[in-house]
Structure formats: structure tokens, C-alpha cells
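Student:
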């Protein structure tokens, strides 16, 4: 079955594919985690933006034949964790599937909440799927208790390569601790 992570942004051609591809790269050797992405206002089959493709190339992540997918309620229902680019996307996901409220976060919000989790609460589990469920439970338990300075990741579409690179770095930074814990690594092991 696995632990399913869904990334959501507007067009599914910039932010959510960057997050999906970085996550796939970080978890390439990890079984038990499925990753996907979708857009709230897109059509199926649009290629990833050139700026996002370049950012991922520079970061060493494979893009492959990525094309956009429109967000469907079923995707949210099937996902264990939904990470959105902005609060607006988070609200849209929860409006579509109200029962998902406890497992939908912005990327930045989830990153901040997970950084507040004592690693032992997650690392005691041997399987990535179990670690994912522990991360979700611990993050949800800390919601409202951890300050998130900037919960939204800006949309780089139509902007400079510098903005795309900043967005890529931001997404990578926010996901670094959650991905390390999902993969079973500890802070001391990564130093």
C-alpha cells in the first residue's frame, strides 16, 4: 500500500513538480513511499516549465517525461499526506475533500512542524510507511503551536531564472528534514 504523498500547486508545471521530483530523487532508494503531484487549475498533459526543468537539472533531480495532471478529489482521498504550495491551495484541497483537513499542509508549514518533532518519535519505526504516518501524526499534533514565518511558496511562472532557483532552494529546504526522516536518516548520519 505505501505512504502516499501528493503535492499541489496551480498549474502543476512549476512548484508541485519541483517538489515531486526532488522528493523522488531523495527517496529513490526507499520503498514504501509513493509520490505524485497535481494542479488546481490545469489541464492534463502540459510539460513542466523550462524554468522548473532547469532548476531540477541543476539540483540533480530527474524530470523524465513529466506532464501536468488536474487535481481530482479521488487523488486527495487516496493520499496520506497532501502538501500544497500556498494556503490558498490548501484551502481549495480541504474545500474539495473536507475529511482531508488533518493531512493537508503547505510545504513550508509541514517543514516547520516536522523540524519541531523529536527525531526519535519517527526514527523508532523501521519502515518508511510507518515513519510517514508518524511524521503526519506528529506534525498534525503540533499544528498551531509552531510559527511558520512564510507559509506560501511564490509562483515563479513568467519570472526570472533567479526566482525559479530561489523557489527550488526554498522547496528543497522545507522538505529536507521530512525527507531525511522518511528515508530513515538522522541528523548525525547526514553530517
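Numbering (the UniProt record's numbering), first residue to last: 1 to 191.
Every residue, glycine too, gets a C-beta built ideally from N, C-alpha and C.
Computed from a predicted model, the values in this text were never measured in an experiment.
Leaving out the 5 sequence neighbours to the left and right, which residues in its chain are closer than 8 Å to residue 72 when beta-carbon positions are compared?
Tutor: What you label residue 72 is simply residue 72 of the chain shown in a count that begins at 1. Within the same chain, residue 72 has close Cβ partners 38.
Student: Using CA atoms only, rank isn't needed, just tell me which of 25, 14, 112 and 66 is closest to residue 147.
Tutor: Here residue 147 refers to the residue found at position 147 when the chain shown is read from its first residue. Looking at the Cα atoms, 112 is the closest of the given residues.
Student: Per DSSP, residue 37 is paired with what?
Tutor: Taking the chain shown and counting its residues from 1, one reaches residue 37 at position 37. Partner(s): 7.
Student: May I ask you to list the residues that DSSP assigns as paired with residue 82?
Tutor: Here residue 82 refers to the residue found at position 82 of the chain shown. According to DSSP, residue 82 bridges with 6 and 104.
Student: Taking the alpha-carbon positions, what's the residue 87 to residue 152 distance?
Tutor: Counting from 1 along the chain shown, the entry for residue 87 is found at position 87. Counting from 1 along the chain shown, the entry for residue 152 is found at position 152. If I take the Cα positions, the gap works out to 6 Å.
Student: Reducing DSSP to helix, strand and coil, say where residue 190 ends up.
Tutor: The count along the chain shown starts at 1 and reaches residue 190 at position 190. Confidence at residue 190 is low in this model, with a pLDDT of 41, below 50, so the placement of that residue should be treated as unreliable; the coordinate-derived value is given next. Helix at residue 190.
Student: Spatial neighbours of residue 82 within its chain, please: C-beta separation below 7 Å, excluding the five flanking residues on both sides.
Tutor: For the purposes of this step, residue 82 is taken as the residue at position 82 of the chain shown. Contacts found: 6, 8, 76, 93, 100, 103 and 104.
Student: For the alpha helix (DSSP H) holding residue 120, just list the boundary residues, first then last.
Tutor: On the chain shown, position 120 is the one that residue 120 refers to. From DSSP, the alpha helix (DSSP H) with residue 120 extends over 120 to 123.
Student: Could you tell me which whole alpha helix (DSSP H) segments of length 4 or greater appear in the segment 120 to 190?
Tutor: You should have 120 to 123, 128 to 142, 161 to 183 and 187 to 190.
Student: For residue 67, which three-state DSSP category applies?
Tutor: What you label residue 67 is simply residue 67 of the chain shown in a count that begins at 1. In this structure, residue 67 counts as strand in the three-state DSSP scheme.
Student: Restricting to Cα atoms, I'd like to know which of 178, 174, 163 and 172 is closest to residue 50.
Tutor: As a working mapping, residue 50 is identified with position 50 in the chain shown. That would be 163, whose Cα lies nearest to the Cα of residue 50.
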